[in-house]
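Data first, discussion second: the structure below is written as structure tokens.
2 protein chains.
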Amino acid sequence: MEVRKVFLTEDEMPRQWYNILADIKMNPPLGPDGKPINPEDLAPVFPMNLIEQEMSTERWTDIPEDVLNVLSIWRPSPLVRAISFEKALDTPAKIYFKNESVSPPGSHKANTAVPQAYYNKVFGIKRLTTETGAGQWGSALSFACGQFGIECKVFMVRVSFDQKPYRKSMMEAWGGNCVASPSTETQTGRDVLKESPDTPGSLGIAISEAIEQAVGDESGQTRYALGSVLNHVMLHQTIIGLEAKKQMDKIGEYPDIIIGCAGGGSNFAGLAYPYVYDKINGKDIAIYPVEPTACPTLTRAPFAYDHGDSAKYTPLLPMHSLGHTFVPAPIHAGGLRYHGMAPTVSQLAAEGIIEPKSVNQLAAYEAGVLLARTEGIIPAPETNHALAYVVEEARKAKEEGKEKVILFTFSGHGLIDLAAYDKYFAGKLNDYVLSEEEEHKFETCFENNPKPELLKSC
Amino acid sequence: MEVRKVFLTEDEMPRQWYNILADIKMNPPLGPDGKPINPEDLAPVFPMNLIEQEMSTERWTDIPEDVLNVLSIWRPSPLVRAISFEKALDTPAKIYFKNESVSPPGSHKANTAVPQAYYNKVFGIKRLTTETGAGQWGSALSFACGQFGIECKVFMVRVSFDQKPYRKSMMEAWGGNCVASPSTETQTGRDVLKESPDTPGSLGIAISEAIEQAVGDESGQTRYALGSVLNHVMLHQTIIGLEAKKQMDKIGEYPDIIIGCAGGGSNFAGLAYPYVYDKINGKDIAIYPVEPTACPTLTRAPFAYDHGDSAKYTPLLPMHSLGHTFVPAPIHAGGLRYHGMAPTVSQLAAEGIIEPKSVNQLAAYEAGVLLARTEGIIPAPETNHALAYVVEEARKAKEEGKEKVILFTFSGHGLIDLAAYDKYFAGKLNDYVLSEEEEHKFETCFENNPKPELLKSC
Numbered sequence: 001m002e003v004r005k006v007f008l009t010e011d012e013m014p015r016q017w018y019n020i021l022a023d024i025k026m027n028p029p030l031g032p033d034g035k036p037i038n039p040e041d042l043a044p045v046f047p048m049n050l051i052e053q054e055m056s057t058e059r060w061t062d063i064p065e066d067v068l069n070v071l072s073i074w075r076p077s078p079l080v081r082a083i084s085f086e087k088a089l090d091t092p093a094k095i096y097f098k099n100e101s102v103s104p105p106g107s108h109k110a111n112t113a114v115p116q117a118y119y120n121k122v123f124g125i126k127r128l129t130t131e132t133g134a135g136q137w138g139s140a141l142s143f144a145c146g147q148f149g150i151e152c153k154v155f156m157v158r159v160s161f162d163q164k165p166y167r168k169s170m171m172e173a174w175g176g177n178c179v180a181s182p183s184t185e186t187q188t189g190r191d192v193l194k195e196s197p198d199t200p201g202s203l204g205i206a207i208s209e210a211i212e213q214a215v216g217d218e219s220g221q222t223r224y225a226l227g228s229v230l231n232h233v234m235l236h237q238t239i240i241g242l243e244a245k246k247q248m249d250k251i252g253e254y255p256d257i258i259i260g261c262a263g264g265g266s267n268f269a270g271l272a273y274p275y276v277y278d279k280i281n282g283k284d285i286a287i288y289p290v291e292p293t294a295c296p297t298l299t300r301a302p303f304a305y306d307h308g309d310s311a312k313y314t315p316l317l318p319m320h321s322l323g324h325t326f327v328p329a330p331i332h333a334g335g336l337r338y339h340g341m342a343p344t345v346s347q348l349a350a351e352g353i354i355e356p357k358s359v360n361q362l363a364a365y366e367a368g369v370l371l372a373r374t375e376g377i378i379p380a381p382e383t384n385h386a387l388a389y390v391v392e393e394a395r396k397a398k399e400e401g402k403e404k405v406i407l408f409t410f411s412g413h414g415l416i417d418l419a420a421y422d423k424y425f426a427g428k429l430n431d432y433v434l435s436e437e438e439e440h441k442f443e444t445c446f447e448n449n450p451k452p453e454l455l456k457s458c
Numbered sequence: 001m002e003v004r005k006v007f008l009t010e011d012e013m014p015r016q017w018y019n020i021l022a023d024i025k026m027n028p029p030l031g032p033d034g035k036p037i038n039p040e041d042l043a044p045v046f047p048m049n050l051i052e053q054e055m056s057t058e059r060w061t062d063i064p065e066d067v068l069n070v071l072s073i074w075r076p077s078p079l080v081r082a083i084s085f086e087k088a089l090d091t092p093a094k095i096y097f098k099n100e101s102v103s104p105p106g107s108h109k110a111n112t113a114v115p116q117a118y119y120n121k122v123f124g125i126k127r128l129t130t131e132t133g134a135g136q137w138g139s140a141l142s143f144a145c146g147q148f149g150i151e152c153k154v155f156m157v158r159v160s161f162d163q164k165p166y167r168k169s170m171m172e173a174w175g176g177n178c179v180a181s182p183s184t185e186t187q188t189g190r191d192v193l194k195e196s197p198d199t200p201g202s203l204g205i206a207i208s209e210a211i212e213q214a215v216g217d218e219s220g221q222t223r224y225a226l227g228s229v230l231n232h233v234m235l236h237q238t239i240i241g242l243e244a245k246k247q248m249d250k251i252g253e254y255p256d257i258i259i260g261c262a263g264g265g266s267n268f269a270g271l272a273y274p275y276v277y278d279k280i281n282g283k284d285i286a287i288y289p290v291e292p293t294a295c296p297t298l299t300r301a302p303f304a305y306d307h308g309d310s311a312k313y314t315p316l317l318p319m320h321s322l323g324h325t326f327v328p329a330p331i332h333a334g335g336l337r338y339h340g341m342a343p344t345v346s347q348l349a350a351e352g353i354i355e356p357k358s359v360n361q362l363a364a365y366e367a368g369v370l371l372a373r374t375e376g377i378i379p380a381p382e383t384n385h386a387l388a389y390v391v392e393e394a395r396k397a398k399e400e401g402k403e404k405v406i407l408f409t410f411s412g413h414g415l416i417d418l419a420a421y422d423k424y425f426a427g428k429l430n431d432y433v434l435s436e437e438e439e440h441k442f443e444t445c446f447e448n449n450p451k452p453e454l455l456k457s458c
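Same order as they appear, the protein sequences are chains S and L. Numbers 1 to 458, taken from full-length UniProt numbering, label the letters of the first sequence in order. Numbers 1 to 458, taken from full-length UniProt numbering, label the letters of the second sequence in order.
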């Protein structure tokens, strides 16, 4: 019997997060006046302790004991060797994954939800607001807020709210409150509903509602939480890669290839950044973020200053972006349908330290089904995108006859997304590739930016 | 930080199952003629290697290497100390659970699905049929058949099929085929549909369809599989308790109290039987199977000879039974809505070695929500019943001021059952208690039995 799983004890959990900002030079986020923003500018939206973390360039940050205690409900997560998947692919490659689907909400999102709830709690915040698309982030934040006894309000994009009723149920099981967005609870929501009562909603609208409700609470006890893109989110996720390193050490392995799906970038960054540190320090390792061809932020969009949301509430962030008004094709991988990409991931791509790849929807589901039928776990649609590229690398290893070591992050399970698998089996899913026309639509988004010139053309 | 989880390595997995039949004396199953059945009588339904296991009285059975290899996808399962749940209950009791929700199909059912698929495969069987109510068993068997490359056909009770579409999707993701029962694929199904086209179906009908299709395959390459009740199913599940013992040993603990929910009995037996062995050999330990007040097989029904299915296809089994025509109230815990109870569990209850308890539906969901909000995992409705009794024992420990060690089995997660939680939160779930009238209905079931006298009145 070959060993499949490598565990760490709770005592072996990393005690610090790794901050990539210590090792790369970034362009600063800009305010509406085109000047770098100050911590105070963000104070109505986030608590100051998280803003400090967002701007810190210290390489290591201690993980608070209370955060470790909650993370230990499911962490350290298992490192799994996908033996049966390897056999089905008939590859000499060794394929390992960090199984982030074991968290209560079912994905890596809990890794940052827990510290975000904790820091807000410590800062005296009584209530968090957020938006959610596919529902993974809203679930994770509801779970985390429940652990620290603070309220959680989730604005869930109407179309997902209707398609995935179980996500709302999960949030409520943990004590969260979830409403369809646009809602009648905010001015933004009421305005949209007046204009188009039957709108399916969008992430842009939901973000605007969540921020409006957070900054509008006159008691000052409400803040907003974001599940990806920002530096502090990437920081919290590095526990994935830090654990993976310890686990690989235990079995005397080191990866040749790192793979993770990337929507806003946090799942990818979580596994990759500790290895990016190694690469910057001379290690020979290939690192691939994988995105859908329908929303090819890193592979086809320019590196520019753009807003994180369609309503332009956020500062201008230096990132690969398809434009803040971009509406991606309706692929069934909600977590990857985002117009931008975390600034740090964008910067690493621009510098050639990581090498972005894109895969199509049908290849993603095909790989996901193969994984389910071999390793048992049914992957989230987002994870399927990583898997499709794992399959490509495994085939390449076979052609080259090389025993490469591939490590990827299994971002979440697909148990609440089974309707998408039904569509796949029924032949109702399509491939989508961004058209050239769409590719150039973004340019109008950048026209009025205070610093419109592209940082680097894609 | 207190340690929450105790893991075993794959090398530490038990290599043998424990057979309770070595340590208790049982009444034999009877055929239609009132005489004990022979192995050959079961040969059209099950493969001979499993029939031998069903009738074996050897204390230990080796677990085949190929079975261990598949079990190692998720086993050994974690032993978890429910620290946050304890704190919420303010109890001096230490509460541990075996987390069986970590299997790919999400419950303990996979522990027997895998060996059943394996033994059928070894015997040359190409296709398995089965029924499923809530869907846990059908999912588990689909997963297991996929691992050994045999076909799986699941007849799912129509009402559950319509209420829980994700269960069908799961089965299909693993390559299984699931149809609503009654179906047009069997004579039984066609007859029922002719009579009542709008029937919601029943487990009785679904079993009949599955057996009909298995024995009706003239190639002899199809057999039927059952997910509970039978001796070989209990045998396979003992891996739960055998692992738990090793894990408790590692932290120097031994339980005072064992708790498991019991529908057909396999989840309970899996944890309990290795401890029953200790109890028979002098250990002071309390062992409680927990059932719903709506279907109180062990706590209110007689111990008698009865059929396992409503169509009387099965032999007469010596068991606690509400009568094979009993239709339990529509509680949201499908896995506990069974008229009978495993003969071995029934025998142990009759001998007073285990002490059955019953709990009501609302107390079960209340306990489940508390567990979800403290420990994170959302439990299956069946697991909630065990939890309700854990809460009772934890309160008792508090009243008595005793640091008791409670160990229960967390049979599965509730991610596919979230609609039931919605009903609970909306105040749409009710308590059900069996009426005295219902309690005596069963007697008519036994009238025409070849050996109708009760083995022991309840």
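Even glycine gets a Cβ: it sits at the ideal position worked out from N, Cα and C.
For residue i, the first and last residue of its enclosing beta strand (DSSP E)
{"i": "D306 (chain S)", "result": "F303 to H307"}
{"i": "C178 (chain S)", "result": "N177 to S181"}
{"i": "T129 (chain S)", "result": "R127 to T132"}
{"i": "C145 (chain S)", "result": "Run containing C145 (chain S): none in the beta strand (DSSP E); it sits in the alpha helix (DSSP H), Q136 to F148."}
{"i": "T61 (chain L)", "result": "W60 to D62"}
Proximity test, Cβ basis, 8 Å: residue i and chain L
{"i": "F148 (chain S)", "result": "no"}
{"i": "M170 (chain S)", "result": "yes"}
{"i": "C458 (chain S)", "result": "With a pLDDT of only 39 at C458 (chain S), under the threshold of 50, the placement of this residue in the model should not be trusted; the figure read from the coordinates follows. With 8 Å as the cut-off, C458 (chain S) does not count as an interface residue toward chain L."}
{"i": "I95 (chain S)", "result": "no"}
{"i": "M1 (chain S)", "result": "yes"}
{"i": "F123 (chain S)", "result": "no"}
{"i": "E10 (chain S)", "result": "yes"}
{"i": "F143 (chain S)", "result": "yes"}
{"i": "V369 (chain S)", "result": "yes"}
For residue j and residue i, the rounded distance between their alpha carbons
{"i": "Y305 (chain L)", "j": "T129 (chain S)", "result": "59 Å"}
{"i": "A342 (chain S)", "j": "M319 (chain S)", "result": "6 Å"}
{"i": "V179 (chain L)", "j": "T383 (chain L)", "result": "26 Å"}
{"i": "G270 (chain S)", "j": "W60 (chain S)", "result": "14 Å"}
{"i": "T222 (chain L)", "j": "G176 (chain L)", "result": "14 Å"}
{"i": "P32 (chain L)", "j": "L316 (chain L)", "result": "8 Å"}
Below-8 Å beta-carbon distance, residue i vs any chain S residue
{"i": "P104 (chain L)", "result": "yes"}
{"i": "R373 (chain L)", "result": "yes"}
{"i": "F161 (chain L)", "result": "no"}
{"i": "F7 (chain L)", "result": "yes"}
{"i": "I416 (chain L)", "result": "yes"}
{"i": "E243 (chain L)", "result": "no"}
{"i": "S72 (chain L)", "result": "yes"}
{"i": "R223 (chain L)", "result": "no"}
{"i": "R4 (chain L)", "result": "yes"}
{"i": "F408 (chain L)", "result": "no"}
{"i": "V345 (chain L)", "result": "no"}
Residue i - containing alpha helix (DSSP H), residue span
{"i": "S346 (chain S)", "result": "P343 to A350"}
{"i": "E151 (chain L)", "result": "It is not in any alpha helix (DSSP H) - E151 (chain L) instead sits in the beta strand (DSSP E) that spans E151 to V157."}
{"i": "Y96 (chain S)", "result": "First-last for Y96 (chain S): K94 to N99, but that is the beta strand (DSSP E), not the alpha helix (DSSP H)."}
Any non-hydrogen atom of the ligand COA within 7 Å of residue i CB
{"i": "I258 (chain L)", "result": "With respect to the ligand COA, the structure offers nothing, as it holds no ligand at all."}
Item to check | Where the segment 375-399 of chain L meets chain S: residues whose CB sits under 8 Å from a CB there | outcome: E375, G376, I377 and I378
Checklist entry - Which runs of the beta strand (DSSP E) fall wholly inside the segment 207-266 of chain S and span at least 3 residues, in chain order? => result 222-224 and 257-261
Checklist entry - According to a CB-to-CB cut-off of less than 8 Å, which residues of the segment 418-435 of chain S neighbour chain L? => result L418, A419, Y421, D422 and F425
Checklist entry - In chain order, what residues of the segment 167-196 of chain L put their CB closer than 7 Å to some CB of chain S? => result S169, M170, E172, A173, W174 and G175
Checklist entry - Listed from N- to C-terminal order along the chain, which residues in the segment 58-69 of chain S have their beta-carbon within a distance smaller than 8 Å of any beta-carbon of chain L? => result E65, L68 and N69
Next on the checklist: Quick check on the DSSP output: what are the complete alpha helix (DSSP H) runs of length 4 or more inside the segment 27-69 of chain S, in order along the chain?
Outcome noted: 39-42 and 48-55
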